[in-house]
Amino acid sequence: MTTTAVREPVRPAPPGAPRRPRPGRVRRIGLPYLLLLPALLLELLVHLVPMVIGIVMSFKELTQFYIRDWGTAPWTGLGNYQVSVDFSAPVGEALLHSFLVTVAFTLLSVGLCWLVGTAAAICMQDTFRGRGLLRALFLVPYALPVYAAVITWVFMFQHDNGLVNHVLHDQLHLTDKPSFWLIGDNSFWALLTVSVWKGWPFAFLIVMAGLQNIPRDLYEAAALDGAGVWQQIRRITLPSLRPVNQVLVLVLFLWTFNDFNTPYVLFGRAAPEAADLISVHIYQASFVTWNFGTGSAMSVLLLLFLLVVTGVYLVLTSRGRRAASDA
Amino acid sequence: MPSSPMAPPRSFLWTRRVVLTLLTGFVLLPVYVMVSSSLKPLADVTGEFRWLPSGLTIRPYVDIWSTVPLARYFVNSLIVAGAATVCSVVIAVFAAYAVSRYDFRGKRVFTVTVLSTQMFPGILFLLPLFLLYVNIGNATGIALFGSRGGLILTYLTFSLPFSIWMLIGYFDSVPRDLDEAALVDGCGPLGALFRVVVPAAVPGIVAVAVYAFMTAWGEVLFASVMTNDATRTLAVGLQGYSTLNDVYWNQIMAASLVVSVPVVAGFLLLQRYLVAGLTAGAVK
Numbered sequence: 024m025t026t027t028a029v030r031e032p033v034r035p036a037p038p039g040a041p042r043r044p045r046p047g048r049v050r051r052i053g054l055p056y057l058l059l060l061p062a063l064l065l066e067l068l069v070h071l072v073p074m075v076i077g078i079v080m081s082f083k084e085l086t087q088f089y090i091r092d093w094g095t096a097p098w099t100g101l102g103n104y105q106v107s108v109d110f111s112a113p114v115g116e117a118l119l120h121s122f123l124v125t126v127a128f129t130l131l132s133v134g135l136c137w138l139v140g141t142a143a144a145i146c147m148q149d150t151f152r153g154r155g156l157l158r159a160l161f162l163v164p165y166a167l168p169v170y171a172a173v174i175t176w177v178f179m180f181q182h183d184n185g186l187v188n189h190v191l192h193d194q195l196h197l198t199d200k201p202s203f204w205l206i207g208d209n210s211f212w213a214l215l216t217v218s219v220w221k222g223w224p225f226a227f228l229i230v231m232a233g234l235q236n237i238p239r240d241l242y243e244a245a246a247l248d249g250a251g252v253w254q255q256i257r258r259i260t261l262p263s264l265r266p267v268n269q270v271l272v273l274v275l276f277l278w279t280f281n282d283f284n285t286p287y288v289l290f291g292r293a294a295p296e297a298a299d300l301i302s303v304h305i306y307q308a309s310f311v312t313w314n315f316g317t318g319s320a321m322s323v324l325l326l327l328f329l330l331v332v333t334g335v336y337l338v339l340t341s342r343g344r345r346a347a348s349d350a
Numbered sequence: 240m241p242s243s244p245m246a247p248p249r250s251f252l253w254t255r256r257v258v259l260t261l262l263t264g265f266v267l268l269p270v271y272v273m274v275s276s277s278l279k280p281l282a283d284v285t286g287e288f289r290w291l292p293s294g295l296t297i298r299p300y301v302d303i304w305s306t307v308p309l310a311r312y313f314v315n316s317l318i319v320a321g322a323a324t325v326c327s328v329v330i331a332v333f334a335a336y337a338v339s340r341y342d343f344r345g346k347r348v349f350t351v352t353v354l355s356t357q358m359f360p361g362i363l364f365l366l367p368l369f370l371l372y373v374n375i376g377n378a379t380g381i382a383l384f385g386s387r388g389g390l391i392l393t394y395l396t397f398s399l400p401f402s403i404w405m406l407i408g409y410f411d412s413v414p415r416d417l418d419e420a421a422l423v424d425g426c427g428p429l430g431a432l433f434r435v436v437v438p439a440a441v442p443g444i445v446a447v448a449v450y451a452f453m454t455a456w457g458e459v460l461f462a463s464v465m466t467n468d469a470t471r472t473l474a475v476g477l478q479g480y481s482t483l484n485d486v487y488w489n490q491i492m493a494a495s496l497v498v499s500v501p502v503v504a505g506f507l508l509l510q511r512y513l514v515a516g517l518t519a520g521a522v523k
């Protein structure tokens, strides 16, 4: 590995440590802000200001008639939210369905990505012949541009000329007739397959990096005490990965839950009901029906949900970590 | 394990063999389909799927350039992703240096805010951003909507949070004594940054650049809304092969391969830096 040069991080001085006074103090106080300014301005322009506009829009009746000058659209108070969460009416019912599909999809996809990525990383902790090649190979799905990779899967899932039906129907005779994979109920599993194929290498990459920070002597000591490989994995590797996993699972969750690119390239604008992920659903609610007010309200609800989940997750996992380190 | 005095038991070796073989098959299957189909004549990809081509042809690689204006999309993607990468890396270096080396009011607020933008669903600010760009265009005459500039601006903020986060960790691992020494030698703070900290953190910076380029090269959602005929990028342009009467799957596969090669090759060449950067920064 090439990481030896960076293995020993030197922690910066603690924040409270006294600093030697230097000439030009005033300039030095302003300097950090100056350095941050470009990043801050861009984040404001592209993320924070639009987010505020989005929240304002969610309280307006913003249909295509007002899109040229959206400031003049009439206020509707909580009207858009009422439409969105009225689960007995078509709009709310569709949103709830899409939300539940997304939750199921995200849980399965994140679970599988983590499992496969961790298993692969642990398998490749040892050095063996061809390890470097295999590692590069495993990272290919992550490196491929989403649209190029997903469009290949679209071809494989074709009804008449795709590989999947050729193998399952023509060669293995598992199905009575060729199945449809990109419409109907099967589309959920097609989406999950593509998502895991695309997502597990990221988990693999992060876990692999995390494994390199586990001190070797831990394994040596355990081996001297007679612990076998399986026990070493359970007692040393997995517990040491906890802090890495805490961040990794959260990032995977947010990316998967918000994923737009994969379903959009896989199904086009109109996703089948069984694979109607929330991002595409909102996109459709906004750009196909030109109802931006309701679309914004749905986006805000989505953001609130993600905030709550992230908050609860961070509180729970940090408490777990603290309990573990106290024990 | 690596330095274990005992050889791993057979059960572990077999599990490892099975897991790695299955994964290799899973990963390679679409890659094989992409490569083999891109060399097939059209008849092979319209009928039942064939594992082996009936004959090899490089026609798809010739035709892709005329079926859709692929070269133009390619140049657009190159300009957008390249410019977004350069800007993103420079801005991230400045920001990470400030956070890593200075104590100042609002430091925590800054890092938390920047990182939390990562969790926003893109769909939430797609439409407001589109309206904002249109309004800025009307008010100042700076065309952001539909232009490459608007896309560059958008994409560079996508990679900023992760880049800053990773570089903070990386800069923290560069000993402070080094830039203190440079300061004593009469370098300004920026001199210390560029002469000492940046050279010591090259792997981290390369990793961040790779990440920024890949992010911009692969983005679909904003590209599909914010580009027009002249500025269309590959992410949207590639779908042009399937909106025609026939679906030229061999050409689609050839085009997918052509647009993937620059990023995949770059990524594989530089992936060890990414792993090193993650080890030093992100997962510490």
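Respectively, the protein sequence lines represent chains L and Y. Under this note's numbering, the residue at position 166 of the first sequence is numbered 189, and the numbers go up by one with no gaps. Under this note's numbering, the residue at position 63 of the second sequence is numbered 302, and the numbers go up by one with no gaps. For every residue, glycine included, the Cβ atom is placed at its ideal position computed from N, Cα and C.
Through-space distance from residue j to residue i, alpha-carbon basis
{"i": "I256 (chain L)", "j": "V274 (chain L)", "result": "24 angstroms"}
{"i": "V335 (chain L)", "j": "T285 (chain L)", "result": "27 angstroms"}
{"i": "A308 (chain L)", "j": "F315 (chain L)", "result": "8 angstroms"}
{"i": "T470 (chain Y)", "j": "I318 (chain Y)", "result": "10 angstroms"}
{"i": "A144 (chain L)", "j": "Y170 (chain L)", "result": "26 angstroms"}
{"i": "F506 (chain Y)", "j": "R249 (chain Y)", "result": "35 angstroms"}
{"i": "V331 (chain L)", "j": "F225 (chain L)", "result": "25 angstroms"}
{"i": "N236 (chain L)", "j": "R154 (chain L)", "result": "19 angstroms"}
{"i": "P46 (chain L)", "j": "L422 (chain Y)", "result": "For P46 (chain L), the predicted model reports a pLDDT of 47, less than 50, meaning its position is unreliable; a value from the coordinates is still stated below. When rounded, the distance between both Cα atoms is 11 angstroms."}
{"i": "P164 (chain L)", "j": "A378 (chain Y)", "result": "43 angstroms"}
{"i": "I259 (chain L)", "j": "P238 (chain L)", "result": "10 angstroms"}
{"i": "L354 (chain Y)", "j": "P400 (chain Y)", "result": "5 angstroms"}
{"i": "T350 (chain Y)", "j": "D342 (chain Y)", "result": "13 angstroms"}
{"i": "A62 (chain L)", "j": "F288 (chain Y)", "result": "50 angstroms"}
{"i": "Q105 (chain L)", "j": "F88 (chain L)", "result": "21 angstroms"}
{"i": "H182 (chain L)", "j": "A446 (chain Y)", "result": "40 angstroms"}
Within-8 angstroms CB hit, residue i to chain L
{"i": "M405 (chain Y)", "result": "no"}
{"i": "W304 (chain Y)", "result": "no"}
{"i": "P438 (chain Y)", "result": "no"}
{"i": "L281 (chain Y)", "result": "no"}
{"i": "V258 (chain Y)", "result": "yes"}
{"i": "S499 (chain Y)", "result": "yes"}
{"i": "T393 (chain Y)", "result": "yes"}
{"i": "S275 (chain Y)", "result": "no"}
{"i": "A323 (chain Y)", "result": "no"}
{"i": "G341 (chain Y)", "result": "Gly is not the amino acid found at residue 341 (chain Y); the sequence shown has Tyr there. It does; some Cβ of chain L falls within 8 angstroms."}
{"i": "F349 (chain Y)", "result": "yes"}
is_contact[residue i, chain Y] using C-beta, thresh 8 angstroms
{"i": "V49 (chain L)", "result": "For V49 (chain L), the predicted structure reports a pLDDT of 47, less than 50, and the residue's modelled location is therefore unreliable. The matter cannot be settled from this model."}
{"i": "T333 (chain L)", "result": "yes"}
{"i": "H70 (chain L)", "result": "yes"}
{"i": "I206 (chain L)", "result": "no"}
{"i": "E84 (chain L)", "result": "no"}
{"i": "Q235 (chain L)", "result": "yes"}
{"i": "H196 (chain L)", "result": "no"}
{"i": "Y170 (chain L)", "result": "yes"}
{"i": "D193 (chain L)", "result": "yes"}
{"i": "L337 (chain L)", "result": "no"}
{"i": "F14 (chain L)", "result": "With chain L represented from 24 up to 350, any question about residue 14 (chain L) goes unanswered, as that position is not in the structure."}
{"i": "E296 (chain L)", "result": "no"}
{"i": "Y306 (chain L)", "result": "yes"}
Contact belief for residue i with residue j at Cβ below 8 angstroms, rounded distance in angstroms
{"i": "W176 (chain L)", "j": "L289 (chain L)", "result": "7 angstroms"}
{"i": "S111 (chain L)", "j": "L215 (chain L)", "result": "About 30 angstroms separates the two Cβ atoms, so there is no contact after all."}
{"i": "S220 (chain Y)", "j": "Y450 (chain Y)", "result": "Look at the range of chain Y in this structure, 240 to 523, and you will see that residue 220 (chain Y) is not part of it."}
{"i": "L58 (chain L)", "j": "A334 (chain Y)", "result": "6 angstroms"}
{"i": "V272 (chain L)", "j": "W137 (chain L)", "result": "6 angstroms"}
{"i": "A166 (chain L)", "j": "V503 (chain Y)", "result": "5 angstroms"}
{"i": "V79 (chain L)", "j": "T317 (chain L)", "result": "With 8 angstroms as the limit, V79 (chain L) and T317 (chain L) do not qualify as a contact, their Cβ atoms being about 14 angstroms apart."}
{"i": "E116 (chain L)", "j": "G102 (chain L)", "result": "Incorrect: roughly 18 angstroms between the Cβ atoms, too far for contact."}
Residue-chain proximity (residue i, chain C), Cβ-Cβ < 8 angstroms
{"i": "I491 (chain Y)", "result": "No chain C appears in this structure, whose protein chains are L and Y."}
>> So, does the stretch 372-390 of chain Y touch the stretch 456-465 of chain Y, judging by three or more C-beta pairs under 8 angstroms?
In response: yes
> For the stretch 283-311 of chain Y, which residues have a beta carbon sitting closer than 7 angstroms to at least one beta carbon of chain L?
Replying inline: V284, T285, G286, E287, F288
> Using 8 angstroms as the threshold, is the stretch 351-368 of chain Y in touch with the stretch 317-325 of chain L, meaning 3 or more CB pairs across them?
Replying inline: yes
> Does the stretch 277-284 of chain L come close enough to the stretch 315-329 of chain Y to have 3 or more Cβ pairs within less than 8 angstroms?
Replying inline: no
>> Please list, in chain order, the residues of the stretch 449-467 of chain Y that have any C-beta partner in chain L closer than 8 angstroms.
In response: Within the stretch 449-467 of chain Y, the residues whose Cβ lies closer than 8 angstroms to some Cβ of chain L are M453, W456, G457, E458, V459, L460, S463, V464, listed in chain order.
> the stretch 117-148 of chain L: which residues have C-beta closer than 9 angstroms to a C-beta of chain Y, in chain order?
Replying inline: Within the stretch 117-148 of chain L, the qualifying residues are V139, A142, A143, I145, C146, M147, Q148.
> Along the stretch 360-373 of chain Y, what residues have a CB closer than 7 angstroms to any CB found in chain L?
Replying inline: Taking 7 angstroms as the Cβ-Cβ cut-off, the stretch 360-373 of chain Y approaches chain L at P360, G361, I362, L363, F364, L366, P367, L368, L370, L371, given in chain order.
> Counting pairs of beta carbons, one from the stretch 407-421 of chain Y and one from the stretch 66-82 of chain L, are three or more of them closer than 8 angstroms?
Replying inline: no
> Within the chosen definition, does the stretch 226-233 of chain L reach the stretch 511-518 of chain Y through at least 3 CB pairs nearer than 8 angstroms?
Replying inline: Remark: three or more beta-carbon pairs, one from each stretch, lie closer than 8 angstroms, so the stretch 226-233 of chain L and the stretch 511-518 of chain Y are flagged as touching.
> Quick check: the stretch 291-301 of chain L against the stretch 118-131 of chain L, are there 3 or more CB pairs under 8 angstroms?
Replying inline: yes
>> Beta carbons nearer than 7 angstroms to chain L: which residues of the stretch 398-424 of chain Y have them?
In response: For the stretch 398-424 of chain Y, which is checked against every Cβ of chain L, the residues closer than 7 angstroms are L399, I403, D411, S412, P414, R415.
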